[in-house]
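Enquirer: Numbering (the numbering used here), first residue to last: 571 to 742. From the three backbone atoms N, C-alpha and C, an ideal C-beta is built for every residue, glycine too. Just so it is clear, the structure is predicted and the values come from calculations on it, not from any experiment.
#1: For residue 617, does the three-state DSSP call read helix, strand or coil?
#2: State yes or no: is the C-beta of residue 718 within less than 7 Å of the C-beta of residue 600?
#3: Are the CB atoms of residue 649 and residue 615 within a distance shorter than 7 Å?
#4: Compare the Cα-Cα distances from residue 706 to each of 607, 593, 618, 576 and report the closest residue.
#5: Rank 636, 685, 690, 608 by C-alpha distance to the C-alpha of residue 656 and give the top, closest one.
#6: If you scan the stretch 572-606 from start to end, which runs of the alpha helix (DSSP H) of 4 or more residues do you find wholly inside it?
#7: Output needed for residue 690: all residues of its chain with C-beta closer than 8 Å, excluding positions within five of it in sequence on either side, in chain order.
#8: Using DSSP with H/G/I as helix, E/B as strand and the rest coil, what is residue 655?
#9: Tell me whether the stretch 585-602 and the stretch 717-732 touch, counting them as touching only if at least three CB pairs, one residue from each stretch, are closer than 8 Å.
#10: Thinking C-alpha only, which one of 725, 710, 700, 713 is nearest residue 681?
#11: Using a Cβ-Cβ cutoff of less than 6 Å, which residues in the same chain neighbour residue 582 once the five nearest sequence positions on both sides are dropped?
#12: What are the start and end residues of the beta strand (DSSP E) that includes residue 718?
#13: Can you list the alpha helix (DSSP H) stretches of 4 or more residues lying completely in the stretch 633-688, in chain order?
#14: Out of 709, 704, 737, which has the shortest C-alpha to C-alpha gap to residue 623?
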C-alpha cells in the first residue's frame, strides 16, 4: 500500500475485538516508533507497552475525558520522554506517535492517540502524574500520549482527497 493510501485510510479506531494483536504487527509498530526522527538525534523517547488489562483500565481513568477506550484496548504504547534530554521532546514524541499510528493502520491494527500532556483527571489532577504513577515513572519523564491498540471492531471510511482543505495552504 502506498503511503498516501495509508494516510487516507488511517482513522481513529476506538472499538476493538477481543482478538490479540499478532506479535509481528506489534513489533512493526514499535519499529516505526524507533525509526522516528528526533531533533539532533537525541532520541529522548521511551515506549512502554502495556498489555495488562488492569493497567489498561487504570490508564483509561488517567484523564477526565477521551481515555476510556483504553479499557477496551488489547494493548497500548505510552510514549514518554526525558524532558531534560531534549528541548524538542514534545515534537519528537509526537512524530513517534504519528509514525506508530500510521504503521498500525498499515498493519490492519486499530489505533487511537490519547493525549495526556496538559490534560486533567476528574478531580482536576494532572493526567501525566497519573500515568507516571501507574507506570512507576518519575520526573523528568513526561508523557505526550498513549496509543491505544486493538484489532478493529469498527470500520470507518477513508478520507476523500477531493475534500482536502486546500484553502489552508498559502503560497508566496
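Expert: Looking at the atomic coordinates:
#1: Taking the chain shown and counting its residues from 1, the one referred to as residue 617 is at position 47. Three-state DSSP puts residue 617 in a strand.
#2: One-based indexing of the chain shown puts residue 718 at position 148. One-based indexing of the chain shown puts residue 600 at position 30. No; because the gap between Cβ atoms is not below 7 Å, this pair is not in contact.
#3: As a first step, residue 615 must be located in the chain shown, where it is residue number 45. As a first step, residue 649 must be located in the chain shown, where it is residue number 79. Yes, the pair counts as a contact, with Cβ atoms nearer than the cut-off.
#4: The residue labelled residue 706 in the question sits at position 136 within the chain shown. Per the Cα distances, 618.
#5: Against the chain shown, residue 656 aligns to sequence position 86. When only C-alpha atoms are compared, the closest one is 608.
#6: You should have 573-579, 593-605.
#7: Working through the chain shown from its first residue, we reach residue 690 at position 120. Cβ contact annotation for residue 690 (same chain, cutoff 8 Å, sequence separation greater than five): 633, 634, 696, 697, in chain order.
#8: Numbered from 1 along the chain shown, position 85 holds the residue referred to as residue 655. If DSSP states are grouped into helix, strand and coil, residue 655 belongs with coil.
#9: A contact exists between the stretch 585-602 and the stretch 717-732.
#10: Start at 1 with the first residue of the chain shown, and residue 681 comes out as number 111. Looking at 725, 710, 700, 713, the one whose alpha-carbon comes closest to that of residue 681 is 725.
#11: Position 12 of the chain shown, counted from the first residue, corresponds to residue 582. Cβ within range, chain order: 682.
#12: Residue 718 sits at position 148 when you count from the first residue of the chain shown. It spans 711-720 - the beta strand (DSSP E) in which residue 718 sits, taken as one unbroken run.
#13: As far as the stretch 633-688 is concerned, its whole alpha helix (DSSP H) runs of at least 4 residues are 659-676.
#14: Taking the chain shown and counting its residues from 1, one reaches residue 623 at position 53. The shortest Cα separation from residue 623 among 709, 704, 737 belongs to 704.
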